[in-house]
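Here the structure comes first, spelled out in structure tokens, and everything after it is commentary.
Number of protein chains: 2
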Amino acid sequence: MNPGFTGSPLDRVDHIRADADAYQALLGDWRAKVLGLDGLDPALSPEGGLHWHSLAEVSVETELVLLGLADGKPHFVPLVQAKGGMARSPAVWRALSLLPAEDAAIYGTARSLIDWHNCHHYCGRCGGSTKVFRAGWGRKCTACDTEHFPRTDPVVIMLAEFEDKVLVGRQASWPAGNYSALAGFLEPGESIEEAVRREIKEEAGVNCGAVRYITSQPWPFGGSQLMIACVAEALDDRITLDTNELEDAIWVSRDDVRAVFANAPDKRFGAPPPFAIANTLLRRWMEES
Amino acid sequence: MNPGFTGSPLDRVDHIRADADAYQALLGDWRAKVLGLDGLDPALSPEGGLHWHSLAEVSVETELVLLGLADGKPHFVPLVQAKGGMARSPAVWRALSLLPAEDAAIYGTARSLIDWHNCHHYCGRCGGSTKVFRAGWGRKCTACDTEHFPRTDPVVIMLAEFEDKVLVGRQASWPAGNYSALAGFLEPGESIEEAVRREIKEEAGVNCGAVRYITSQPWPFGGSQLMIACVAEALDDRITLDTNELEDAIWVSRDDVRAVFANAPDKRFGAPPPFAIANTLLRRWMEES
């Protein structure tokens, strides 16, 4: 199983973004498709996929971002305002359980771009207002001309491993019984490997050595994140919880993880959803031996 | 050899950043050390390491960021303004060839934080002015209270591999004869693996399949970047250059790379500097068989 939000069929056509004539031609292409949204959530087609409009259905004032091309057709997303903030709605969680993987990947990209635009109406350098440029893949300051580009925050998400068991934790706000991999933002001045060791030490007090990269996925909620999944070799198994971060952390075996994915009646914890990389990470580790 | 800018000996003490009393105590600690800077460049000690001041030598108006603790001593960096922009100076390149790895890692973190603060004096959401909070690991909008945190941009840097050769390219602006791994910013909505394939396809026209992660390092110039080094399995070796990006790209063998690192008279290209991850990536690939 591929990580969630990967596998978009769209060609991002970077060369067209900076080519005003080529981009103008796409904006006048009657085959163009515009992503249907319900607030920030995806509008679903009757078949449970993404719903697409034609350009004729979109107001001429709507700002568009070029997501890319598929089958020669340009695909756009409208830059909608986030009413009531950018938090994830219960509806989007349900939609993601229905959407085909390719559609979830397209929606994830669109959602990250909308969030980024909504947080960058002003220039961080001078406070001037910014406007869309590069087919929606940037904003330019109207006062100082600084160019701003969509950002992605790297997040490390990892299992510490000790004697064929791995460490999973839970936050107090999660549904009862759910556990997942530990995670945290990578900070300036760190490698992936250093961030993994620091986060495990901070949250669970466990010292780690070697770090193995497993896989990655984009995550489009609360901005745009790059989830980097790893397994770290723990040097001991003594847990000292940071109770500001975690309510509990436990060491689980491959049999424990198998019981979770088999949804066995005596499973020790509830799994993260399939489109979260913690799910992929636990499965990959389970299959390692 | 570890990747450049890794191996900082400082404990980042995240728990102190949000604890006003604990932080105040560090600001009053006579053992505290403050990083010496010459503009944005590191000031060097006579021994060729970083130069540190005491708090007594720093003006009381200077804003400080807590880099972390070592041997119980708080280490700070002053938030200096970037006169003449944030471009890398020739002096910093020379300094990096002298600095011990641990000092380069400390400087990299400090430099990234200074750059981030200088680019975020205003709130992207509302245009209000921001002020330092969380011991320098954030800025808060004085108008709308939005909290902003230091950012890091993920960059993929990679070798396409085909029949025991790898692809290296050069930009027209580089010193004559220098070649390096291809690289580019990861975009919202992509995994590391997808970004690697897209960048190689865009810049060199080569289609790739499986992607192997090799290692990572922070890069503190032009903001704060996370360099993610990979090797991608090329499906063919036909190069179609994007001449806006690259002046040339060539397939090189392990013997070619060995000649480069041995600085052989008949070497085919000049190597990236030792503190750049492209150097580490080429060495790791060379040592693979």
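Chains as they are written, first to last, in the numbering used here: chain A, 1195 to 1483; chain B, 1195 to 1483.
Heads up, the beta-carbon is just placed ideally off N, CA and C, and yes, glycines get one too.
Under 8 Å from the C-beta of residue i: neighbouring residues of chain B
i	result
Trp1310 (chain A)	Pro1382
Ala1299 (chain A)	Gly1383
Asn1416 (chain A)	A small fix is needed here, since residue 1416 (chain A) is Gly in this sequence, not Asn. Those do not exist, as Gly1416 (chain A) stays about 12 Å from chain B at its closest Cβ, beyond 8 Å.
Gln1411 (chain A)	Ser1385
Arg1328 (chain A)	Correct list: empty, because the minimum Cβ distance to chain B is about 12 Å.
Asp1347 (chain A)	Arg1345 and Thr1346
Cβ pair residue i, residue j closer than 7 Å
i	j	result
Leu1380 (chain A)	Pro1344 (chain A)	no
Val1400 (chain B)	Leu1353 (chain B)	no
Glu1257 (chain B)	Val1326 (chain B)	yes
Ser1410 (chain A)	Ile1422 (chain A)	yes
Arg1432 (chain A)	Arg1328 (chain A)	no
Ser1202 (chain B)	Ile1300 (chain B)	yes
Glu1384 (chain A)	Pro1382 (chain B)	no
Leu1420 (chain A)	Thr1474 (chain A)	no
Val1207 (chain A)	Leu1263 (chain A)	yes
Val1228 (chain A)	Val1252 (chain A)	yes
Thr1324 (chain B)	Cys1317 (chain B)	yes
Glu1341 (chain A)	Gly1330 (chain A)	no
Ser1283 (chain B)	Asp1215 (chain B)	no
Beta-carbon neighbours of residue i, restricted to chain B and to distances below 7 Å
i	result
Ser1407 (chain A)	For the sequence presented, residue 1407 (chain A) should be read as Tyr rather than Ser. Going along chain B in sequence order, the residues near Tyr1407 (chain A) (Cβ under 7 Å) are Tyr1407.
His1314 (chain A)	Gly1318
Pro1197 (chain A)	Ser1385
Asp1208 (chain A)	Glu1396
Reduced DSSP category for residue i - H, G, I as helix; E, B as strand; rest coil
i	result
His1314 (chain B)	coil
Tyr1407 (chain B)	strand
Trp1479 (chain B)	helix
Gly1302 (chain B)	helix
His1209 (chain B)	helix
Trp1224 (chain B)	coil
Arg1345 (chain B)	coil
Arg1333 (chain A)	strand
Leu1380 (chain B)	coil
Asn1372 (chain A)	strand
Glu1387 (chain A)	helix
Phe1327 (chain B)	coil
Lys1395 (chain A)	helix
Ala1219 (chain A)	helix
Ser1291 (chain A)	helix
Ala1285 (chain A)	helix
Arg1432 (chain A)	coil
Counted within 10 angstroms of its Cβ, other Cβ atoms place residue i as buried (16 or more) or exposed
i	result
Glu1388 (chain A)	buried
Phe1455 (chain B)	exposed
Cys1338 (chain B)	exposed
Leu1261 (chain A)	buried
Gly1371 (chain B)	exposed
Ser1483 (chain B)	exposed
Gly1266 (chain A)	exposed
Asp1529 (chain B)	This structure cannot settle anything about residue 1529 (chain B), because the visible part of chain B is limited to 1195 through 1483.
Thr1303 (chain A)	buried
Asp1221 (chain B)	Position check: residue 1221 (chain B) holds Leu in this sequence, whereas Asp was assumed. It is exposed - the Cβ of Leu1221 (chain B) has fewer than 16 other Cβ atoms within 10 Å.
Arg1225 (chain A)	exposed
Glu1241 (chain A)	exposed
His1269 (chain A)	buried
Top-ranked residue by Cα proximity to residue i, from the options
i	options	result
Ser1306 (chain A)	A:Glu1441, A:Phe1415 and A:Gly1321	A:Phe1415
Ala1295 (chain A)	A:Phe1270, A:Phe1199, A:Thr1437 and A:Lys1325	A:Phe1199
Leu1231 (chain B)	B:Gly1201, B:Ile1308, B:Ile1210 and B:Leu1204	B:Ile1308
Glu1355 (chain A)	A:Ala1470, A:Pro1369, A:Leu1376 and A:His1342	A:Leu1376
Ala1453 (chain A)	A:Met1480, A:Val1207 and A:Gly1378	A:Met1480
Phe1463 (chain B)	B:Ile1471, B:Phe1469 and B:Asp1449	B:Asp1449
Ser1136 (chain B)	B:Trp1310, B:Leu1234, B:Pro1284 and B:Glu1241	Because chain B spans 1195 through 1483 in this model, residue 1136 (chain B) falls outside it and cannot be assessed.
Asp1442 (chain A)	A:Ala1404, A:Ile1471, A:Ala1470 and A:Tyr1373	A:Tyr1373
Leu1292 (chain A)	A:Ile1408, A:His1315, A:His1245 and A:Ala1276	A:His1245
Asp1358 (chain A)	A:Glu1427, A:Glu1241, A:Gln1365 and A:Ser1367	A:Glu1427
Pro1466 (chain A)	A:Ala1281, A:Phe1270, A:Ala1276 and A:Trp1287	A:Trp1287
Leu1273 (chain A)	A:Glu1255, A:Leu1290 and A:Ala1281	A:Glu1255
Thr1437 (chain A)	A:Ile1471, A:Ser1447, A:Ser1367 and A:Ile1351	A:Ser1367
Ile1351 (chain B)	B:Gly1322, B:Arg1391 and B:Ile1444	B:Arg1391
Ala1237 (chain A)	A:Ala1285, A:Leu1476, A:His1269 and A:Arg1478	A:Ala1285
Leu1429 (chain A)	A:Cys1402, A:Pro1197 and A:Trp1445	A:Cys1402
Arg1319 (chain A)	B:Trp1445, B:Ala1276 and B:Thr1434	B:Ala1276
Interface partners of residue i on chain A, CB under 9 Å
i	result
Gly1302 (chain B)	Pro1382 and Gly1383
Leu1429 (chain B)	Neighbours of Leu1429 (chain B) on chain A: none; closest Cβ ~17 Å, over 9 Å.
Gly1243 (chain B)	Residues of chain A passing the Cβ test: none, with the nearest at roughly 17 Å.
Partner residues on chain B for residue i, Cβ-Cβ distance less than 9 Å
i	result
Gly1321 (chain A)	His1315, Tyr1316, Cys1317, Gly1321, Gly1322 and Ser1323
Where residue i meets chain A, residues with beta-carbon distance less than 7 Å
i	result
Thr1200 (chain B)	Ser1385 and Glu1388
Arg1392 (chain B)	Arg1206
Under 8 Å by beta carbon: chain A residues contacting residue i
i	result
Leu1263 (chain B)	Those do not exist, as Leu1263 (chain B) stays about 13 Å from chain A at its closest Cβ, beyond 8 Å.
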